[in-house]
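Chains as they are written, first to last, in the UniProt record's numbering: chain A, 1 to 339; chain B, 1 to 625. Here a beta-carbon is modelled for each residue, glycine too, at the ideal position from N, C-alpha and C.
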Amino acid sequence: MQRKMRGRGVAASWYGIARTATVDRAGAWAELDDGGTAKVVTGVTEIGEGILTVLAQIAAEELGIRPEDVTIGDNDTARSPEAAHAGATRQTYMIGNSVALACREAKARLFAEIAAHWEVDAGTLVAFDGELRAEGTNLAMTMAEAVDLCKRRGVVPVGAGHFAAHGTGLNPEDGSGAPWQAYVFGTQVAEVEVDTVTGEVQVLGLWAAHDVGRVINPRGVEGQIEGGVVQGLGQALMEDYQTANGHPVTHGFAKYILPTALDVPEITSILVEDPDPLSPLGAKGIGEPALVPTAPAIINAIHDAVGVRIRSLPATPEKVLAAIAEKQARAAAAREAAE
Amino acid sequence: MPEMTLDMRVNGRKVTRRADPGQRLLDFLRDELNLTGTKEGCGAGECGTCSVFVDGKLVKSCLMPAAKAQGADIQTVEGLARPGELDVLQKAFHKTGASQCGYCIPGMVMAATSLLREAPEASLDEIKERMGGNICRCTGYTKIIEAVALARDVVTGRASPAVLEPEGVGESYIGHNVRRLDAPSKVTGRLKYAGDMVMPGMLHMAVLRSPHAHAEIVSIDTSEAEAVEGVACVITSADVPGKDGFGVFVHDQPVMARGKVRHVGEAVAAVAAEDVATARRALAKIRVEYRELPGLFDPEDALRPGAPVIHDYAPDNVVKHIPIRKGDVDKGFAEADLILEDEFSTQQVEHAYLEPEAGLAYVDADDVVTVISPSQNITHHRHMLSEIIARPINKVRFIMSPVGGGFGGKEDMIYQGMLALAAMKTDRPVRLVFTREESIIASAKRHPSRVKYRMGLTKDGRITAIRFEMLSDGGAYGMSSEGVMRKAAILSCGPYEIENLQVDTTAVYTNNTPSGAFRTFGGMQAQFATESMMDIAAERLGLDPFEIRRRNMMRAGSLTHTQQRLTSASIDRVLEAAEQASRWEPGAPTMRGPMRGDLGGPGTRAPCTLGARFETPKDSKERVA
Ligand code: FES
Ligand code: FES
Numbered sequence: 001m002q003r004k005m006r007g008r009g010v011a012a013s014w015y016g017i018a019r020t021a022t023v024d025r026a027g028a029w030a031e032l033d034d035g036g037t038a039k040v041v042t043g044v045t046e047i048g049e050g051i052l053t054v055l056a057q058i059a060a061e062e063l064g065i066r067p068e069d070v071t072i073g074d075n076d077t078a079r080s081p082e083a084a085h086a087g088a089t090r091q092t093y094m095i096g097n098s099v100a101l102a103c104r105e106a107k108a109r110l111f112a113e114i115a116a117h118w119e120v121d122a123g124t125l126v127a128f129d130g131e132l133r134a135e136g137t138n139l140a141m142t143m144a145e146a147v148d149l150c151k152r153r154g155v156v157p158v159g160a161g162h163f164a165a166h167g168t169g170l171n172p173e174d175g176s177g178a179p180w181q182a183y184v185f186g187t188q189v190a191e192v193e194v195d196t197v198t199g200e201v202q203v204l205g206l207w208a209a210h211d212v213g214r215v216i217n218p219r220g221v222e223g224q225i226e227g228g229v230v231q232g233l234g235q236a237l238m239e240d241y242q243t244a245n246g247h248p249v250t251h252g253f254a255k256y257i258l259p260t261a262l263d264v265p266e267i268t269s270i271l272v273e274d275p276d277p278l279s280p281l282g283a284k285g286i287g288e289p290a291l292v293p294t295a296p297a298i299i300n301a302i303h304d305a306v307g308v309r310i311r312s313l314p315a316t317p318e319k320v321l322a323a324i325a326e327k328q329a330r331a332a333a334a335r336e337a338a339e
Numbered sequence: 001m002p003e004m005t006l007d008m009r010v011n012g013r014k015v016t017r018r019a020d021p022g023q024r025l026l027d028f029l030r031d032e033l034n035l036t037g038t039k040e041g042c043g044a045g046e047c048g049t050c051s052v053f054v055d056g057k058l059v060k061s062c063l064m065p066a067a068k069a070q071g072a073d074i075q076t077v078e079g080l081a082r083p084g085e086l087d088v089l090q091k092a093f094h095k096t097g098a099s100q101c102g103y104c105i106p107g108m109v110m111a112a113t114s115l116l117r118e119a120p121e122a123s124l125d126e127i128k129e130r131m132g133g134n135i136c137r138c139t140g141y142t143k144i145i146e147a148v149a150l151a152r153d154v155v156t157g158r159a160s161p162a163v164l165e166p167e168g169v170g171e172s173y174i175g176h177n178v179r180r181l182d183a184p185s186k187v188t189g190r191l192k193y194a195g196d197m198v199m200p201g202m203l204h205m206a207v208l209r210s211p212h213a214h215a216e217i218v219s220i221d222t223s224e225a226e227a228v229e230g231v232a233c234v235i236t237s238a239d240v241p242g243k244d245g246f247g248v249f250v251h252d253q254p255v256m257a258r259g260k261v262r263h264v265g266e267a268v269a270a271v272a273a274e275d276v277a278t279a280r281r282a283l284a285k286i287r288v289e290y291r292e293l294p295g296l297f298d299p300e301d302a303l304r305p306g307a308p309v310i311h312d313y314a315p316d317n318v319v320k321h322i323p324i325r326k327g328d329v330d331k332g333f334a335e336a337d338l339i340l341e342d343e344f345s346t347q348q349v350e351h352a353y354l355e356p357e358a359g360l361a362y363v364d365a366d367d368v369v370t371v372i373s374p375s376q377n378i379t380h381h382r383h384m385l386s387e388i389i390a391r392p393i394n395k396v397r398f399i400m401s402p403v404g405g406g407f408g409g410k411e412d413m414i415y416q417g418m419l420a421l422a423a424m425k426t427d428r429p430v431r432l433v434f435t436r437e438e439s440i441i442a443s444a445k446r447h448p449s450r451v452k453y454r455m456g457l458t459k460d461g462r463i464t465a466i467r468f469e470m471l472s473d474g475g476a477y478g479m480s481s482e483g484v485m486r487k488a489a490i491l492s493c494g495p496y497e498i499e500n501l502q503v504d505t506t507a508v509y510t511n512n513t514p515s516g517a518f519r520t521f522g523g524m525q526a527q528f529a530t531e532s533m534m535d536i537a538a539e540r541l542g543l544d545p546f547e548i549r550r551r552n553m554m555r556a557g558s559l560t561h562t563q564q565r566l567t568s569a570s571i572d573r574v575l576e577a578a579e580q581a582s583r584w585e586p587g588a589p590t591m592r593g594p595m596r597g598d599l600g601g602p603g604t605r606a607p608c609t610l611g612a613r614f615e616t617p618k619d620s621k622e623r624v625a
C-alpha cells in the first residue's frame, strides 16, 4: 500500500424542522415606523446563525423597505411575545413566518389608508425598497411619506402575527405519529487522504447538497453548512470528551482537540429548494441538518481509501492505524491459509 | 490586594491606573478600562480570543501579567478603526459573512491584522497556518479565510476596494446576500455579551462544585465563608423558596445539589462578593462533608439489576425509552437474501462554544427578578424559575443576551437559578462568568451512543427489515435526554422507506457529566449507524452507494418510520446534486480509492504538511490521483 491513500464516501440524511412531536408556536409584533423604517419585536436574539439578518430581510420584503431600515428587538420575556427556544432548526421557520405575518398585518393597515387617499384599490399597491406605487397608475411615494400620511389619517400601522407548526405526539406503543410538518434532506460527499504511516486522516474536499426550502440568505445558509460540516469533521476525527470514573480528563482546549483552520476541507455547498407548502415563506431550515451526514461520509471515505471500517467515533490516528494493521494481519493469515 | 501604578498607551491614548499588578493584561483591559472587545475564551493561551498588540506584537493577553505591559503601547480591537468606521479587514469580514456568534471574531480580526502587517502577500496556505492558533466553533473557518484573502487582495492592490461594497439588490430581498446586520458590532468588538455587562453595585459570583461523582451531602457549613470581608452572601439549596428543579423535559436537577451530588462539577454552593477573587477565596472556606456512594460510569451497568440508583424517581435508572414499530420485522428478515449485523458507537462531545456561560441578575424596582444570560430558551427558563423562586410569572423576567455560540449547550438552566437567588438575597446585581474549565465540566455534552444494528436486504438492495437498538449515556441529569431519544428514534433508519422496523432508543442515568441537547439532538448518532450500514450493504451487494440509497429512498407518498405520509421528499434531488457536484464516479464501495478517477479535482484542497508550504510538493508523485 502506498503511504498516502485517497478515497471518497457519501452519506445521506433527513431531518425535521421545529420542535418535535408537539405543537410548536411563536409570535411577533411589527410596526411601520417614522421615516419608512420598521420595528419588529420577537423573543429571540442572535445565537450566531444569522437570524436577525434573516428576520430583517423578511420584514423588509414584506413591508417594502430595506433590511437596514428594520430594527429588531427585544429578546425579553417581559417585553416581547413568546418565541421559545433558539434551537431545533426552528428560528427561520417559526419566527420568520411569525414576522412575515405580523408585517403583512401592519402593511395592510398602511395600504388601506394610502389606497383610500389615492382612491385606488389596495390590491394595486406595491412596495419595495422604500418606494410605494399603485400599479397601472403613475401614483408613487416613498415609504417614509406613506407612513407619515397614514399617521396623519389617524392610523398607526402596527401588526401582530403568530405561526404554528402542528406536530403530533408519538403513540407510546408503536411510536406512530406525525412529529413534524416539514422535513429536509441532505447528502454529502467527502474526499479524504489517509496517511497509512501515521494514521492521520485529512478531509480535502466536501460537497454538501441540502434542501433548505426557500433560501432567504444564500451566504448565511453556506455559513451554516460550513460550520456544521466542520463540527461533524471534529466529531468524526478528533473530538472526544472523556471521563475517568466520572472525573473529566479533557477539561481544557489543550486536551479537548478541536478542528482549526488547517483541518478544514474545501467545502462546496449546493442549495436545493423544495419550498414548504404549509407556511407563508416556504423556507425550512439548515442549522442542525448540515451536520448529520458529515461523519458517516468521512468514515465511508476512509473505507474507500484504505479498506477499513471504523465503527466507533472518533477515527483517531491510533484507531485508523490499528484497523489497518488488523486488516493486514487478516490478509496475511488468509494468504497463509491458502498456501 | 497590593496595588501599583500602571502606565501604558492604549489605542493611542495615555492610560494611568492604580491596579493589582498581578492581574492579567486581559483583566486590566476588560475590568479597568472597559475594553471588552478583548474576550476570554479559555484563559490558557489556547483559543486566541484575547489577542492584542503589545508594542506591535500580537500577544495573548490572558497569558501576560499587566505589570509586564508597563510602559507599552497596546492596541486592542477597539483601536483598529475610528468609532463608527471599519477598516479593510473588518469590511471584508462583513462582506463575506465571516462572523457568526462573533465571540472569536475580535481575536480573528487581530490575528488577521497581524498577518497582513507581517506578510501582506500571504498565500492561502499561509493564511490558514497563521490563523491556525485561533479557534472558531461556528463558521468552519471558510468565510473567515475568504475574508482575509479578500482584504489581502484589496490591501495589495490586486482587487479594487469596490469588492468590499454590498451587493446590489434585484427584485427581492429574499434570496439576496444581505450582509449580516450584526457584523459591524462584532468585528469591532463593540457588542456586549453577558460577561461584558456591568451594573452599578454589582457583585461577583463564584461556584463551589462537587469533587465527587456520587456522594451524599452530610452537611454544609457556610459560616466561615460568610464571615469573609467582602462576601455579600453564600447560597445553597436551602435558599430555594419554591419547588426546586429544572430540566428540559423532567425537572430532576436542583439549582444546587440537594442532599447528594450526582456528578463531578455539579454546583453545591455559591458565593456573591465584591470581586471575583474574594468570592473564590470564600469558596475555600465552605465546609462540605460528603459520604461517597458507589457510582455508575457505564450505561450498560446502569441497567443491571441491583445497580446503584441515581434518582429515586427512576429506580431502573432509565431516563427515557422510545419504541417505534412498523410492519412485521420477522417477516421482513425472512424475506431477506442478506442479513447484516453490526455495532456502532459515538463519543461524548463538548459544545465548545467560545463564550463560556455568563449571566447577570438583579431585582428591579417593581420586584421583578431579572436574569440576563445567553439562554437558548428564555420562555421555558422563565416558567421554571417562577416555580423555583415561587413568584408569579410576570415577576420573573429573562433577557436573552447575544449568544457566543450555543449549539444546544445553552438550553439548560444550569446557573441562572443561582444568580436569581443571590440577587434576591442581597438586593444587588450579581454577575457570574464561568471559567472554561467550569464550562466544560458543568455543562451538558452530546450523548455518547451505542447502536446494535440488524438489516435485511434483498439481492437487489431493497431493505426488507431493520432492527435498531440504541443505548445512550444520559449522565447525571435528564436535561434533554428524553427529546434526544425521541428524535434519534424518529430519524433512526434514515431517509429510506422501510416496511418493517423495530427501533428502540434508551437513555440512562449514570454519574458521568450530563448529556443534553447538541446540534442534531440524537439525529447524527443514529444516522451515523444507518449510513455506515448502507455502505456495508452496498459493498456486500456490489452496488454503488448512491444507487443503493436511491433504491430505498423516501418519495412523495412514502410512509415514514413513524407512519407519517410525506407529501414531498427531496432526497432524490439532494442525492443527484451531490453526485453531480462532486463528479462522482459510480462503483461499489470496495476500497475503490486507488482506482478512482474522480479524485483531486475541483472542490478539493492540497493536503497540508505543517511548515512545509515553501517546499515543492515532493510527495505529489505519491498521490494516488
Ligand atoms: S488564548 Fe487567551 S483566552 Fe484563550
Ligand atoms: S463566530 Fe467564531 S466562535 Fe462563533
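Specify the secondary structure class of residue i as computed by DSSP and reduced to three states.
i: B/Ala389; result: Here residue 389 of chain B turns out to be Ile, not Ala, going by the sequence shown. Three-state DSSP puts B/Ile389 in coil, outside helix and strand.
i: B/Tyr362; result: strand
i: B/Phe546; result: helix
i: B/Phe297; result: coil
i: B/Gly45; result: coil
i: B/Ser160; result: coil
i: A/Ala322; result: helix
i: B/Thr188; result: coil
i: A/Trp207; result: strand
i: B/Ile441; result: helix
i: B/Asp73; result: strand
i: B/Gly405; result: coil
i: B/Arg152; result: helix
Taking DSSP's pairing of strands, which residues face residue i in a bridge?
i: A/Gly159; result: A/Ala30
i: B/Phe246; result: B/Gln253
i: B/Pro356; result: None, per the DSSP bridge assignment.
i: A/Gln202; result: A/Glu193
i: A/Tyr183; result: A/Gly16
i: A/Glu24; result: Glu is not the amino acid found at residue 24 of chain A; the sequence shown has Asp there. Bridge partners of A/Asp24: A/Ala165.
i: A/Tyr241; result: B/Gln348
i: B/Ser472; result: B/Ser449 and B/Ala507
Does any CB atom of chain B fall closer than 7 Å to the CB of residue i?
i: A/Phe163; result: no
i: A/Glu266; result: yes
i: A/Pro280; result: no
i: A/Val120; result: no
Run the CB neighbour count on residue i, radius 10 Å, all protein chains shown included, and call it buried at 16 or more, exposed below.
i: A/Asn97; result: buried
i: B/Ile127; result: buried
i: B/Glu118; result: exposed
i: B/Pro294; result: exposed
Is residue i close to chain A? Criterion is C-beta to C-beta, closer than 7 Å.
i: B/Cys101; result: yes
i: B/Val309; result: no
i: B/Tyr193; result: no
i: B/Phe528; result: yes
i: B/Cys493; result: no
- Hey, which unbroken runs of the beta strand (DSSP E) at 3 residues or more fall wholly within the stretch 484-553 of chain B? Counting whole runs of 3 or more residues, the stretch 484-553 of chain B contains the beta strand (DSSP E) stretches 501-509.
ask   = At what residue ranges does the stretch 215-242 of chain B contain a whole run of the alpha helix (DSSP H), taking only runs of 4 or more?
value = The DSSP assignment places 223-226 as complete runs of the alpha helix (DSSP H) inside the stretch 215-242 of chain B, in order along the chain (cut-off: 4 residues).
Quiz prompt | Those runs of the beta strand (DSSP E) which lie wholly inside the stretch 279-355 of chain B and span at least 3 residues | solution = Runs of the beta strand (DSSP E) spanning 3 or more residues and lying entirely within the stretch 279-355 of chain B occur at 287-292, 318-326 and 338-346, in chain order.
Check: Which runs of the alpha helix (DSSP H) fall wholly inside the stretch 71-140 of chain B and span at least 4 residues, in chain order?
Finding: The qualifying runs are 88-96, 105-118 and 124-131.
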